Amino acid sequence: AVPGGPGSKQSYALGHLAADSAIAAMNQDIGPDGVELPAGRGSVQRGAVVYAAQCSQCHGAKGEGLPTFPKLVGRDSAGAPTPEFQFATKNKTKTIGNYWPYATTLFDYIKRAMPFATPGSMTDDDVYAVTAFLLSANAVIPDTTTLDAVALRAIRMPARDHFVPDNRKPTATTK
Amino acid sequence: AVPGGPGSKQSYALGHLAADSAIAAMNQDIGPDGVELPAGRGSVQRGAVVYAAQCSQCHGAKGEGLPTFPKLVGRDSAGAPTPEFQFATKNKTKTIGNYWPYATTLFDYIKRAMPFATPGSMTDDDVYAVTAFLLSANAVIPDTTTLDAVALRAIRMPARDHFVPDNRKPTATTK
Amino acid sequence: QGGAPPTAPSTVPPPPAPPRPVAPLDATKMPGAPTAALGARSEYFAPTRIPNGTPVGSSRTPLQDLTGTITPSDLHFERHHAGIPTLDPERHTLTIHGLVDRPMSFTVADIKRFPQITRTYFIECSGNGGAGYRDPKPDTTPQPLAGLFSTSEWTGVPLATLFREVGVKSDASWFLAEGGDACKLARSIPIAKAWDDAMIVWAQNGEPLRPAQGYPMRLLLPGFEGNSNVKWLRRLELGTKPWMTRWETSKYTDPMPDGTARIFTFEIDAKSVITSPCYPNMITARGWRSVNGLAWSGRGRITRVEVSIDGGTSWHDAELLNTPQPKSTVRFQYMWNWQGTDATLLSRATDDAGYVQPTRAAMVAERGEFTDYHYNQIIGWKVDRSGAVTFHGAT
Amino acid sequence: QGGAPPTAPSTVPPPPAPPRPVAPLDATKMPGAPTAALGARSEYFAPTRIPNGTPVGSSRTPLQDLTGTITPSDLHFERHHAGIPTLDPERHTLTIHGLVDRPMSFTVADIKRFPQITRTYFIECSGNGGAGYRDPKPDTTPQPLAGLFSTSEWTGVPLATLFREVGVKSDASWFLAEGGDACKLARSIPIAKAWDDAMIVWAQNGEPLRPAQGYPMRLLLPGFEGNSNVKWLRRLELGTKPWMTRWETSKYTDPMPDGTARIFTFEIDAKSVITSPCYPNMITARGWRSVNGLAWSGRGRITRVEVSIDGGTSWHDAELLNTPQPKSTVRFQYMWNWQGTDATLLSRATDDAGYVQPTRAAMVAERGEFTDYHYNQIIGWKVDRSGAVTFHGAT
Ligand code: HEC
Ligand code: HEC
Ligand SMILES: [Ca+2]
Ligand SMILES: [Ca+2]
Ligand SMILES: [Ca+2]
Ligand SMILES: [Ca+2]
Ligand SMILES: [Ca+2]
Ligand SMILES: [Ca+2]
Ligand SMILES: [Co+2]
Ligand SMILES: [Co+2]
Chain A
10 AVPGGPGSKQ SYALGHLAAD SAIAAMNQDI GPDGVELPAG RGSVQRGAVV YAAQCSQCHG
70 AKGEGLPTFP KLVGRDSAGA PTPEFQFATK NKTKTIGNYW PYATTLFDYI KRAMPFATPG
130 SMTDDDVYAV TAFLLSANAV IPDTTTLDAV ALRAIRMPAR DHFVPDNRKP TATTK
Chain B
10 AVPGGPGSKQ SYALGHLAAD SAIAAMNQDI GPDGVELPAG RGSVQRGAVV YAAQCSQCHG
70 AKGEGLPTFP KLVGRDSAGA PTPEFQFATK NKTKTIGNYW PYATTLFDYI KRAMPFATPG
130 SMTDDDVYAV TAFLLSANAV IPDTTTLDAV ALRAIRMPAR DHFVPDNRKP TATTK
Chain C
448 QGGAPPTAPS TVPPPPAPPR PVAPLDATKM PGAPTAALGA RSEYFAPTRI PNGTPVGSSR
508 TPLQDLTGTI TPSDLHFERH HAGIPTLDPE RHTLTIHGLV DRPMSFTVAD IKRFPQITRT
568 YFIECSGNGG AGYRDPKPDT TPQPLAGLFS TSEWTGVPLA TLFREVGVKS DASWFLAEGG
628 DACKLARSIP IAKAWDDAMI VWAQNGEPLR PAQGYPMRLL LPGFEGNSNV KWLRRLELGT
688 KPWMTRWETS KYTDPMPDGT ARIFTFEIDA KSVITSPCYP NMITARGWRS VNGLAWSGRG
748 RITRVEVSID GGTSWHDAEL LNTPQPKSTV RFQYMWNWQG TDATLLSRAT DDAGYVQPTR
808 AAMVAERGEF TDYHYNQIIG WKVDRSGAVT FHGAT
Chain D
448 QGGAPPTAPS TVPPPPAPPR PVAPLDATKM PGAPTAALGA RSEYFAPTRI PNGTPVGSSR
508 TPLQDLTGTI TPSDLHFERH HAGIPTLDPE RHTLTIHGLV DRPMSFTVAD IKRFPQITRT
568 YFIECSGNGG AGYRDPKPDT TPQPLAGLFS TSEWTGVPLA TLFREVGVKS DASWFLAEGG
628 DACKLARSIP IAKAWDDAMI VWAQNGEPLR PAQGYPMRLL LPGFEGNSNV KWLRRLELGT
688 KPWMTRWETS KYTDPMPDGT ARIFTFEIDA KSVITSPCYP NMITARGWRS VNGLAWSGRG
748 RITRVEVSID GGTSWHDAEL LNTPQPKSTV RFQYMWNWQG TDATLLSRAT DDAGYVQPTR
808 AAMVAERGEF TDYHYNQIIG WKVDRSGAVT FHGAT
């Protein structure tokens, strides 16, 4: 039974039906299959322009990061194209190229939260473009790419297969 | 067992023995048998002078009280010499004369807490005197009295016999 | 509030209600406020205790603004007889003497080295509820009705531990507890309370006591009337009889219609108050809502709280939202589906001694209309068809 | 602290330590301070969270200054990814949509009308403890070691109640929780948690949530890592798969030496920390003292805490000062009679799943020296002959 309530099946008939438009205004998340990706497109080249104008002051001209702002570019500590994925035993910095498992997450996060001072201010075209630029800078896609929903959805990130669901054993002493 | 401790008989050997002088400085309370009353004495007449100088500005020239300061004098609402002790059913003001069960309490409280702005500043002689004055103004003792330990101890207050130990029944609905 | 007059007209009136704060139209469009040394309240929530602003007086917990059981420490009710002293914790000591084997003094640091215990208890002034008993007015909120009542998680040392340390002589049967404030407030306590559950506490809701609650240490007597929980505690003297201090004779005694006055009425009887809805709420919509409030007993655990919506004709068991602990506070809840009719909401608490809260009429019959202290009559709220909520004290 | 860089150098440095307040020589000789609208702390006690003063960052609870189990609300740790938004409680709503029968929005007033529950739970950032794991330094207090951990009495509505209100479709297996802050922080949560013990809370320690804790409402997932307890909650979407948001992929995942990274590591494993004595204490006198601290587990109840005074050679059962509740905090205590010898104090918690806190060496062997998040290795304090106390992390 619901605590304090007349029973688990009780409806309290509180709240109101949410209008489609109200939901749509917030429902901007992009899952890993990318089915929610919006219309629009952007090239690596245009992304470089957007990045230089709106991102580089914090994340560095080449995505190398600044003292208190995250590094975005780099396949691994040695600059090798194939990431070693040795983050537990080496003091390595995580980047989009060597750590992020899904390209859709990049689109989602930039559209959601960047640029830091004016989140939600970018057009979908600009988000596609800067996503393309960052994936290219991380050697995930060629610098000639133009991304749209179909192209972004098709990208498989280098670190994708390294992620495993929580496999700690609740009773084991170390885990 | 003491919570967290090695056992109920455990001494933790913390703290230090209190010096007699340190105890004496605080041990100024006067119980109802008055055995702790200090040396000294004071007359009603001198008490009137002390009261006028140090107390009347708050409690009124005749102990009648002022808007936010307690009334100290008055045997009952009708001014009758024998208190009716009907405080539960009538909206009556409590005074030393009609409510206080022990004269020793008056000495203890004045010495402890009055005058309000400079508590602890009175000599024992002055406390005896102003106690005498207030008891006389409440028609408990004649205005010719001089109080000392022996005399104060002997006073039986008008309301003395009205006080009974808590006799509520923990299970009764009203009490 | 114990009936003590303030020393002067209020010099600190409650702050005027601030203008309604302005929030951005869309807070997702700009970064928010940075981290801070201390986390302030929302500008939309500015509760106050409504102090009288004098050293002798009281200020009450705004129960209508609160939920759960814990009282935020800065909103714990106050009742002082000579103001809040400033005590240096490195100089303050507690001395225990009288009928003991070894009269001793303990620094605050000493006290903190003993085995500590942590318990959640309420403290209530025995004058709490006088306004609703004497002169029930419709435009009264829970704060004046029941706000001399607060609940904290207290940490300290059992008084029994200290009494064992000094060695209590076999003829000791009462002790005097004395504060380090300007009136050296003093109360006589039966020694059985020390062997039962009395504590010397130094912490409240995780942090050191606030000065208004007795910093750096106070006596805590679970379930006993507030005044006996001596703040700024500096001395305990063990003896054979009560001292008959001003507070336990001229102040906190209870006149009865038979011409007696009860003395040493320590225990708080079972009691409850609905804090939501309450005056000055206006219920703007029909339908379900949580009717909830607080219940407590100084004699043990709350075992049952009932709610009536028809002024006491019928009663419904309310849910107890936390496990009742001895001499502690329970939040109760009754789900109510209001359909626009007149209603009178009441609550009635029962404790594990089997005691049930009385109506006001029953209390007046037994104790008189002008008795003092320990007001625990059933109270509640009238809801009219329009949804207006007003106090209902004439039970 | 989750490793996020601040956006700029600190603009709000912690206030300089105030000069030692002056108390009257004898406070019994003058009236004290009057009653007040709010009861301030003693001038002798001025704890702070040591903020970095930026919107992206954290500030930590000063555990060494606290006692009992409740964290005063203004000292609850902070971790924000885009600062603290100012939200108008009359405009803020929670919308639930996706795989539901009736997509609905609830105002704050609606949420408060549902049956409410009150529970005491801790919240811990999964980054808590990184400093003591990576780089154990002797001059470290509990605040940087374990201060991304706080405990409150929370009040709110079970998420299950709201999910029943909207009607959950049978294929829904995850939900996305999204905040109304500037990064619209979003986490995917298995739906089982909603049917278990998840809550939408609006109150903390008796009062409305402080803005830094999610005012006017947040998600509370008992025992789950702090980041998933989304603050300023505005939206819940039900679906069939996790959304793989930035926080659950690039941030709060745990690399392992075998070249994998664990994702969706929600539960906080059993953990403990001694908060007294600790650095920078100097034990000035021999004899008995209370060694005490906090223990918790996100998987259930703490069943046992052991204390060692010889660096782990022998262990003693500590007393648990409050009844362990699921996914909540226990204060433990061990009475210790120090006689001026070197000692290493450690604590080790066990939960009702039978899990025992590991040593740092065991954790490094299993998870590597540079793994991220969920640091719960045994830690403690060295006491040398002089009484100096320093951090001991190399267990
Ligand atoms: C004013 C400073 C600022 C600007 C301008 C800015 N960012 Fe950021 N960015 C940040 C901060 C600070 C963070 C870290 C936030 C956190 O830890 O939650 C961040 C995080 C990120 C991340 C996630 C990094 C990770 O490892 O999880 C990405 C991706 C990113 N920014 C992309 C962008 C892009 C693209 C732009 C321009 C369109 C941009 N940023 C502009 C400050 C900025
Ligand atoms: C500056 C104001 C002030 C002055 C001067 C003052 N008093 Fe008081 N007195 C008070 C206040 C206020 C109280 C009520 C204290 C309380 O309620 O705890 C009080 C209470 C008392 C009481 C207890 C009344 C009761 O019913 O319990 C007595 C007796 C008393 N005063 C005697 C004296 C005497 C004797 C003097 C002078 C030597 C004195 N007072 C000077 C303010 C004053
Ligand atoms: Ca969606
Ligand atoms: Ca999807
Ligand atoms: Ca004495
Ligand atoms: Ca005596
Ligand atoms: Ca009366
Ligand atoms: Ca790492
Ligand atoms: Co009483
Ligand atoms: Co995790």
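Residue numbers (this note's numbering), protein chains in the order written: chain A, 10 to 184; chain B, 10 to 184; chain C, 448 to 842; chain D, 448 to 842.
All residues carry an ideal CB built from backbone N, CA and C; glycine is no exception.
All values reported here derive from a predicted model rather than from experimental measurement.
Check, Outcome
"Beta-carbon neighbours of B/T180, restricted to chain C and to distances below 7 Å", "A800, G801 and Y802"
"Member of C/A732, C/I756, C/P773 and C/T760 whose CA lies at the smallest distance from the CA of C/T750", "C/P773"
"Whole-angstrom distance between B/D117 and B/P128, CA atom to CA atom", "12 Å"
"Collapsed DSSP secondary structure at A/H68 in the structure displayed", "helix"
"Proximity test, Cβ basis, 8 Å: A/F142 and chain C", "no"
"Identified DSSP bridge partners for C/F569", "C/T598"
"Local Cβ density within 10 Å of D/P456, reported as buried at 16 or more and exposed below that", "Confidence is the limiting factor: at D/P456 the pLDDT is only 39, short of 50, which leaves the residue's position unreliable, though a coordinate-based value still follows. Exposed."
"Sequence-distant residues of its chain with Cβ nearer than 6 Å to A/G40 (five each side left out)", "none"
"Spatial distance of D/I558 from C/R778 (CA atoms)", "18 Å"
"Boundaries (first-last residue) of the alpha helix (DSSP H) holding C/Y781", "Not the alpha helix (DSSP H): C/Y781 falls in the beta strand (DSSP E), residues T776 to W785."
"Bridge partner(s) assigned by DSSP for C/N739", "C/S723 and C/Q780"
"Backbone secondary structure at D/F711 - three-state DSSP", "coil"
"Whole-angstrom distance between B/P76 and C/A633, CA atom to CA atom", "26 Å"
"Under 9 Å (Cβ pairs) to chain C, residues found in the region 641-660 of chain D", "W649, A650, Q651, N652, G653, E654, P655, L656, R657, P658, A659 and Q660"
"A/S20, buried or exposed, once every other Cβ within 10 Å from all chains shown has been counted against 16", "exposed"
"Neighbour-count burial assignment, D/L768, 16 or more Cβ in a 10 Å radius", "buried"
"Sub-8 Å separation of A/L81 and A/A112 beta-carbons", "no"
"C/D618: CB within 7 Å of a non-hydrogen atom of ligand 5", "no"
"A/G24 beta carbon less than 8 Å from that of D/F553", "yes"
"Where the alpha helix (DSSP H) through C/K640 begins and ends", "A639 to D643"
"Ligand 10 heavy atom lying under 7 Å from the CB of A/F172", "no"
"Candidates D/Y822, D/N739 and D/I531, of which the one nearest D/L792 by Cα", "D/N739"
"Backbone secondary structure at C/L792 - three-state DSSP", "strand"
"Beta-carbon proximity list for C/T533, same chain, < 8 Å, skipping 5 on both sides", "P658"
"Backbone secondary structure at A/L23 - three-state DSSP", "coil"
"Beta carbon proximity, C/D557 to chain B, threshold 8 Å", "yes"
"Where D/M664 falls: helix, strand or coil (DSSP)", "coil"
"Whether A/P110 touches D/T692 by CB criterion (8 Å)", "no"
"Classification of B/L26 by the beta-carbon crowding that lies within 10 angstroms, buried from 16 upward", "exposed"
"Limits of the beta strand (DSSP E) - the one that C/M551 falls within", "M551 to T554"
"D/K476 versus C/D535 - alpha carbon distance", "15 Å"
"Residues that C/M729 bridges to, as DSSP identifies them", "C/A835"
"Any non-hydrogen atom of ligand 5 within 7 Å of D/E753 CB", "no"
"Where D/P763 falls: helix, strand or coil (DSSP)", "The residue you asked about is not Pro; residue 763 of chain D is His in the sequence shown. Note: D/H763 maps to strand in three-state DSSP."
"Cutoff 8 Å: C/L792 Cβ touching any chain B Cβ", "no"
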